[in-house]
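Undergrad: What follows is a structure written as structure tokens; I'll ask about it next.
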Amino acid sequence: MQITAIELCKLLNGTIEGDPDVVIKGPSKIEEGTPGTISFFANPKYESFIYTTKASALLIPREFKPTKEVASTLIRVDNVYGAISQLLDAFGHQPSKPKGISEHALVHDSVKAGDNLAVAEFVVIGEQVNIGNDVTIYPQVFIGKNVKIGSNVTLYPGVKIYHSCEIGDNCVIHSNTVIGGDGFGFLPKEDGTYTKVNHTGNVILEDDVEIGSNSTIDRATIGSTVIKKGAKLDNLIHIAHNVEIGYNTVIAAQTGIAGSTKIGDNCMIGGQCGFVGHIAIADGSKFQAKSGISSSIKEPNKEYYGYPVLRYSQYQRSYVHFKNLPQLAKRVLELEKKLAVLEQSSKTVI
Amino acid sequence: MQITAIELCKLLNGTIEGDPDVVIKGPSKIEEGTPGTISFFANPKYESFIYTTKASALLIPREFKPTKEVASTLIRVDNVYGAISQLLDAFGHQPSKPKGISEHALVHDSVKAGDNLAVAEFVVIGEQVNIGNDVTIYPQVFIGKNVKIGSNVTLYPGVKIYHSCEIGDNCVIHSNTVIGGDGFGFLPKEDGTYTKVNHTGNVILEDDVEIGSNSTIDRATIGSTVIKKGAKLDNLIHIAHNVEIGYNTVIAAQTGIAGSTKIGDNCMIGGQCGFVGHIAIADGSKFQAKSGISSSIKEPNKEYYGYPVLRYSQYQRSYVHFKNLPQLAKRVLELEKKLAVLEQSSKTVI
Amino acid sequence: MQITAIELCKLLNGTIEGDPDVVIKGPSKIEEGTPGTISFFANPKYESFIYTTKASALLIPREFKPTKEVASTLIRVDNVYGAISQLLDAFGHQPSKPKGISEHALVHDSVKAGDNLAVAEFVVIGEQVNIGNDVTIYPQVFIGKNVKIGSNVTLYPGVKIYHSCEIGDNCVIHSNTVIGGDGFGFLPKEDGTYTKVNHTGNVILEDDVEIGSNSTIDRATIGSTVIKKGAKLDNLIHIAHNVEIGYNTVIAAQTGIAGSTKIGDNCMIGGQCGFVGHIAIADGSKFQAKSGISSSIKEPNKEYYGYPVLRYSQYQRSYVHFKNLPQLAKRVLELEKKLAVLEQSSKTVI
Numbered sequence: 100m101q102i103t104a105i106e107l108c109k110l111l112n113g114t115i116e117g118d119p120d121v122v123i124k125g126p127s128k129i130e131e132g133t134p135g136t137i138s139f140f141a142n143p144k145y146e147s148f149i150y151t152t153k154a155s156a157l158l159i160p161r162e163f164k165p166t167k168e169v170a171s172t173l174i175r176v177d178n179v180y181g182a183i184s185q186l187l188d189a190f191g192h193q194p195s196k197p198k199g200i201s202e203h204a205l206v207h208d209s210v211k212a213g214d215n216l217a218v219a220e221f222v223v224i225g226e227q228v229n230i231g232n233d234v235t236i237y238p239q240v241f242i243g244k245n246v247k248i249g250s251n252v253t254l255y256p257g258v259k260i261y262h263s264c265e266i267g268d269n270c271v272i273h274s275n276t277v278i279g280g281d282g283f284g285f286l287p288k289e290d291g292t293y294t295k296v297n298h299t300g301n302v303i304l305e306d307d308v309e310i311g312s313n314s315t316i317d318r319a320t321i322g323s324t325v326i327k328k329g330a331k332l333d334n335l336i337h338i339a340h341n342v343e344i345g346y347n348t349v350i351a352a353q354t355g356i357a358g359s360t361k362i363g364d365n366c367m368i369g370g371q372c373g374f375v376g377h378i379a380i381a382d383g384s385k386f387q388a389k390s391g392i393s394s395s396i397k398e399p400n401k402e403y404y405g406y407p408v409l410r411y412s413q414y415q416r417s418y419v420h421f422k423n424l425p426q427l428a429k430r431v432l433e434l435e436k437k438l439a440v441l442e443q444s445s446k447t448v449i
Numbered sequence: 100m101q102i103t104a105i106e107l108c109k110l111l112n113g114t115i116e117g118d119p120d121v122v123i124k125g126p127s128k129i130e131e132g133t134p135g136t137i138s139f140f141a142n143p144k145y146e147s148f149i150y151t152t153k154a155s156a157l158l159i160p161r162e163f164k165p166t167k168e169v170a171s172t173l174i175r176v177d178n179v180y181g182a183i184s185q186l187l188d189a190f191g192h193q194p195s196k197p198k199g200i201s202e203h204a205l206v207h208d209s210v211k212a213g214d215n216l217a218v219a220e221f222v223v224i225g226e227q228v229n230i231g232n233d234v235t236i237y238p239q240v241f242i243g244k245n246v247k248i249g250s251n252v253t254l255y256p257g258v259k260i261y262h263s264c265e266i267g268d269n270c271v272i273h274s275n276t277v278i279g280g281d282g283f284g285f286l287p288k289e290d291g292t293y294t295k296v297n298h299t300g301n302v303i304l305e306d307d308v309e310i311g312s313n314s315t316i317d318r319a320t321i322g323s324t325v326i327k328k329g330a331k332l333d334n335l336i337h338i339a340h341n342v343e344i345g346y347n348t349v350i351a352a353q354t355g356i357a358g359s360t361k362i363g364d365n366c367m368i369g370g371q372c373g374f375v376g377h378i379a380i381a382d383g384s385k386f387q388a389k390s391g392i393s394s395s396i397k398e399p400n401k402e403y404y405g406y407p408v409l410r411y412s413q414y415q416r417s418y419v420h421f422k423n424l425p426q427l428a429k430r431v432l433e434l435e436k437k438l439a440v441l442e443q444s445s446k447t448v449i
Numbered sequence: 100m101q102i103t104a105i106e107l108c109k110l111l112n113g114t115i116e117g118d119p120d121v122v123i124k125g126p127s128k129i130e131e132g133t134p135g136t137i138s139f140f141a142n143p144k145y146e147s148f149i150y151t152t153k154a155s156a157l158l159i160p161r162e163f164k165p166t167k168e169v170a171s172t173l174i175r176v177d178n179v180y181g182a183i184s185q186l187l188d189a190f191g192h193q194p195s196k197p198k199g200i201s202e203h204a205l206v207h208d209s210v211k212a213g214d215n216l217a218v219a220e221f222v223v224i225g226e227q228v229n230i231g232n233d234v235t236i237y238p239q240v241f242i243g244k245n246v247k248i249g250s251n252v253t254l255y256p257g258v259k260i261y262h263s264c265e266i267g268d269n270c271v272i273h274s275n276t277v278i279g280g281d282g283f284g285f286l287p288k289e290d291g292t293y294t295k296v297n298h299t300g301n302v303i304l305e306d307d308v309e310i311g312s313n314s315t316i317d318r319a320t321i322g323s324t325v326i327k328k329g330a331k332l333d334n335l336i337h338i339a340h341n342v343e344i345g346y347n348t349v350i351a352a353q354t355g356i357a358g359s360t361k362i363g364d365n366c367m368i369g370g371q372c373g374f375v376g377h378i379a380i381a382d383g384s385k386f387q388a389k390s391g392i393s394s395s396i397k398e399p400n401k402e403y404y405g406y407p408v409l410r411y412s413q414y415q416r417s418y419v420h421f422k423n424l425p426q427l428a429k430r431v432l433e434l435e436k437k438l439a440v441l442e443q444s445s446k447t448v449i
């Protein structure tokens, strides 16, 4: 695809400054912009590149005022990130999707599927699996017995879905993620060994859920582990048995959530956070990366940080003093010495 | 399966209160109980649900005294978790296990196996592999040359076991876990690049070990990385080269243990803990989730918390003061001011 | 292979003490040494084993002075670790590599490859993939459309490489690692739901990169996520979209690096570290395991520790005082009481 700056500007509902006829063949990063590409400026950290980029055009916030001369054609838009997303859809090359059912896949006779099913090589689909329309299954995926899969679902190479789990419409699951493995449930016996607890439940991903690569969502002991509609999970995330993740909650990479914990709707959880089991987190809660959460949170829409978490600004304030603890300790020692002198002189006086 | 409450009560060695003849068709969670199911109450956090659940029957601790009226039939037992486990075994539906050796699996001619081997589709089993009785191998598993596998072992889809590793009896390994990858061993050269260290050792899982999904157990440089009998590991765990994990030690998800560290027997390790290399941890040690352990622990049976770890109660006490550091710093400043005033007046007096 | 101690000594450029003719059949760990093996001593923690090991020979640092009698033949060398590496190469048994192209692999007709390509069972290689010489691909690997792979590359079982990624010469990727999954990019909409951002970029691994098992390297939104020449990554690592990792940087297991962050050359990053997005880390920086890095680091070659990180020794000093915070708080309280008494008596005096 190639398009002039002015045509692109119209598509994005923007206003233009500079050469409207420059031809754009693809997107680029502002610090690596080359002639014939369009870059974007949204994060203030990258402002210096506006004045040095070789990109032929630049997407910028409508109200942004350059402080130096800019060589690129400027396209001003209200929402730069939204415009980039449109741009990437326009220029984006897609992977080649599998088409039809490979003769090297094993799809059980009892499987029921809608239109447009694509099943690639070395996929195994078990008994009684039920699949909607427009589902794309990449190579080496495993789908166990009785699994239900909605419409418009994409399963990337190596995804494993254990028996009886349910995947909603428009879900995307990236490579080597495991859905429905047994939860970590063992009962201690008197001799110190453990008995395994049978996990009779399943995992339910509601509609519009996306999960990154190499994540693990364990099946429930009883009932379901549930990821609600619109939630987005990154790579290498651990969701334990009987957890619930709320609507449109986003969770960054390497976070872990222990058994039976319920995360509210519209939460934003940074990478490498850890939640203990059997707690409930209020809607709209936000957690800084690496936070450790060991008790329930009832007040919605607050921000947290630390191990265990405090309110964001409280942790930051305390940490400033933590940095200066050696000095504080020295000041206390100094006070003790001076006070001793004063006490001595006070006694003398009295 | 369906069974009356009184029949179930006898199976579980319990005592019954309420309608003994109510019919139970399956288990449920207390907060989601429906007629025809049996729920359980074990964690005090869930007490309020006892009085509102729609479950027909409830498993409760023998000595529990309800504070309001309960609609469900009560079955009192000594050990609720043990009874649940029995219950789930009774009602649990199992995944459909593979049976026999799939014509779409590649099992090397030199493989020796006992009775009842099941090998599913797209599995590869290499030369000289030795397998016991009653072993079940799900699709897309890889087993390298010279691997030994005991009896009654289950390998879920996508498990990869590198050459020369040994898996004991009754082991269970969940999907996409990797056993025997090379350890992270590189020697720095003078020009800043690294030389790879050949890993000539292996991994040994002793009997009764269970490992969750997407975990990685690296092979030893020399000798063996060993997970001892009865140890249980959760998902996304990293065990480095030459580590030893003791008998019946349990490790929650996303914990990592660096090279050559030895974890004692009967330890309990929370999620996201990290252990540095070349240390030894005493038997029966317990670690709160997210703990960082940077030196050996010699005294057995103690509990730890923090980064780096302190004794559990010590970390908690210090953390309370950490929260209040801004106030403490303010108090010190106040003391300094007051003391200066006093010193001044003291000088005046003298 | 078997070899006498004196022959081995010559190979390693060492000097010998004790029986030069003892026959060595393989390596062992010093604490598990058996007759007929050679062990090594490099880490002072293991010194006591020098005097008790049953190993027939011992590699030790040239200048080391035993404090007791040693039964084993000693081979003194300048660089023990370097000598071990040579030793392991000499004695190391290799996995049986796949040879040729399996009839059970699916290699697209349009794939171009150099000499000596080995493709094992149930591998899928897509359209227009370009492969160098001496490449070994283990079972169940997936390689998407347009991927480029250099020479002398090894891909272990279950590796997944999405379309258009590039793998340099001499790269090694361990089992179930995923290269080129979509980055975690979603745009919030006004109704609280998210729109997925199309990821049009790719991943580039330059030459001599090794990556452990079950790691995830996400493709760039625009441009490339880049792991530079000679970098080594351990297991279960997360590298987000548009990250750059510098030359010869080593990263231990379970570390995560958020989007667009640039890590310098020759850095050493411990396990379970976390880096926020859009920061830059100076060359030669070192991070203690579990560190949290939330801002750019400009000064090269320094060492860091903590959450968020401080300079290594600063964190340690502050943490000592953290441990003693309850006592410090008590001392402040004591000061306040004494000062109140003094103030009172001072007023009395005045």
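Chains as they are written, first to last, in our numbering: chain U, 100 to 449; chain A, 100 to 449; chain G, 100 to 449. All C-beta atoms, glycine included, are put in the ideal place defined by N, C-alpha and C.
1) Could you name the residues of the same chain whose beta carbon sits closer than 8 Å to that of Gly300/U, not counting the 5 residues immediately before and after it, in chain order?
2) Give me the Cα-Cα distance between Gly213/U and Gly329/A, rounded to the nearest whole angstrom.
3) For Asp208/G and Ser201/U, I'd like the C-alpha separation in whole angstroms.
4) In chain G, what lies closer than 8 Å to Arg430/A by C-beta?
5) For the region 295-348 of chain A, list the beta strand (DSSP E) runs that are entirely contained and at least 3 residues long, ordered along the chain.
6) In chain order, what residues of the region 238-258 of chain A put their CB closer than 8 Å to some CB of chain U?
7) What separation, rounded to the nearest whole angstrom, lies between the Cα atoms of Pro134/A and Ile174/A?
8) Report all residues from its chain with a CB closer than 8 Å to the CB of Lys389/G; omit the five preceding and five following residues, and keep chain order.
9) Listing by chain order, which chain U residues have their CB less than 7 Å from the CB of Arg416/G?
10) Would you mind telling me which residues of chain C sit closer than 8 Å to Asn275/U, beta carbon to beta carbon, in chain order?
11) According to the neighbour-count rule (16 or more other Cβ atoms, all chains shown, within 10 Å of its Cβ), is Glu162/U buried or exposed?
12) Alpha carbon to alpha carbon, how far is Asp307/A from Tyr411/U?
13) By the three-class DSSP mapping on this structure, what secondary structure does Leu157/U have?
14) Could you tell me the boundaries of the alpha helix (DSSP H) in which Val121/G lies?
15) Taking DSSP as the reference, what is the three-state secondary structure of Ile266/A?
16) Just curious, the alpha helix (DSSP H) that Glu202/A is in, first and last residue?
17) In whole angstroms, give me the CA-to-CA distance for Glu305/A and Tyr261/A.
18) List the residues of chain G that Gly370/U touches, going by C-beta distances under 8 Å, in chain order.
19) Just to confirm, are Gly231/U and Val176/U a CB contact at a threshold of 8 Å?
20) What is the DSSP secondary structure of Ala182/A, reduced to helix, strand or coil?
21) Measure the Cβ-Cβ separation of Glu343/G and Ile316/G and say whether it is below 8 Å.
22) Residues of chain U with a CB under 9 Å from the CB of Thr320/G: which are they?
23) Looking at the secondary structure, which residues open and close the beta strand (DSSP E) in which Val176/U lies?
24) Taking only beta-carbon positions, decide if Ala204/U is within less than 8 Å of chain G.
25) Going by DSSP in three states, Ala212/A sits in which element: helix, strand or coil?
26) Considering only residues of the same chain and omitting the five flanking positions on each side of Asn365/U, which have a CB-CB separation below 6 Å?
27) Use the C-beta contact count for Tyr403/A: other C-beta atoms within 10 angstroms, 16 or more gives buried, fewer gives exposed.
28) If we cut at 8 Å on Cβ distances, does Pro194/U have a partner in chain G?
29) Do the region 211-226 of chain G and the region 148-161 of chain G make contact, defined as three or more Cβ pairs closer than 8 Å?
30) Could you round the C-beta distance between Gly257/G and Lys259/A to whole angstroms and report it? I think they count as a contact, below 8 Å.
31) Do Ile129/G and Tyr145/G have their C-beta atoms within less than 8 Å of each other?
32) Can you check whether the C-beta of Glu131/U is within less than 8 Å of a C-beta belonging to chain G?
TA: From the atom records:
1) Counting only Cβ-Cβ distances below 8 Å, and skipping sequence neighbours, we find Arg318, Ala319, Thr320, Ile321, Gly322, Ser323, Thr324, His340, Asn341.
2) Using only the alpha carbons, I get a separation of about 45 Å.
3) Approximately 16 Å between the Cα atoms of the pair.
4) Around Arg430/A, the beta-carbon contacts reaching into chain G at under 8 Å are Val431, Glu435.
5) Entirely contained in the region 295-348 of chain A, the beta strand (DSSP E) runs reaching 3 residues are, in chain order, 301-304, 315-317, 323-326.
6) Within the region 238-258 of chain A, the residues whose Cβ lies closer than 8 Å to some Cβ of chain U are Pro238, Gln239, Tyr255, Pro256, Gly257, listed in chain order.
7) Near 16 Å, if we compare the C-alpha coordinates of Ile174/A and Pro134/A.
8) Cβ neighbours of Lys389/G within its own chain (closer than 8 Å, five residues either side excluded): Gly369, Gly370, Gln371, Cys372, Tyr406.
9) Taking a Cβ-Cβ threshold of 7 Å, the residues of chain U close to Arg416/G are Pro425, in chain order.
10) No chain C appears in the structure shown, which is made up of the protein chains U, A and G.
11) Classified as exposed, Glu162/U has fewer than 16 neighbouring CB atoms from the shown chains inside 10 Å of its CB.
12) Whole-angstrom Cα-Cα distance: 44 Å.
13) Strand.
14) Unbroken run through Val121/G: none, as it is neither H nor E.
15) Three-state result, Ile266/A: strand.
16) For Glu202/A, there is no enclosing alpha helix (DSSP H), since its DSSP letter is neither H nor E.
17) Straight-line measurement puts the Cα of Tyr261/A at about 16 Å from the Cα of Glu305/A.
18) Neighbours of Gly370/U on chain G, chain order: His337, Gly355, Ala357, Gly373.
19) In this structure, the beta-carbon distance from Gly231/U to Val176/U does not fall below 8 Å.
20) In the three-state reduction of the DSSP assignment, Ala182/A falls in the helix class, which pools H, G and I.
21) Result no, Cβ atoms of Glu343/G and Ile316/G do not sit closer than 8 Å.
22) Going along chain U in sequence order, the residues near Thr320/G (Cβ under 9 Å) are Pro126, Lys128, Ile183, Leu187.
23) DSSP places Val176/U in the uninterrupted beta strand (DSSP E) bounded by 172-176.
24) Taking CB atoms only, Ala204/U has no neighbour in chain G less than 8 Å away.
25) In the structure shown, Ala212/A sits in a strand (DSSP, three-state: E or B).
26) Setting aside the 5 residues that flank it on each side, Asn365/U is surrounded in the same chain by Asn347, Asp382, Gly383, each with a C-beta closer than 6 Å to its C-beta; the list follows chain order.
27) When all chains shown are included, Tyr403/A counts as buried.
28) Under the Cβ distance rule, Pro194/U counts among the residues neighbouring chain G, one pair being separated by less than 8 Å.
29) Counting Cβ pairs under 8 Å, fewer than three are found: no touch.
30) Contact between Gly257/G and Lys259/A is confirmed by a C-beta separation of about 5 Å, below the 8 Å threshold.
31) In this structure, Ile129/G sits near Tyr145/G, with a CB-CB distance shorter than 8 Å.
32) The C-beta of Glu131/U comes closer than 8 Å to at least one C-beta of chain G.
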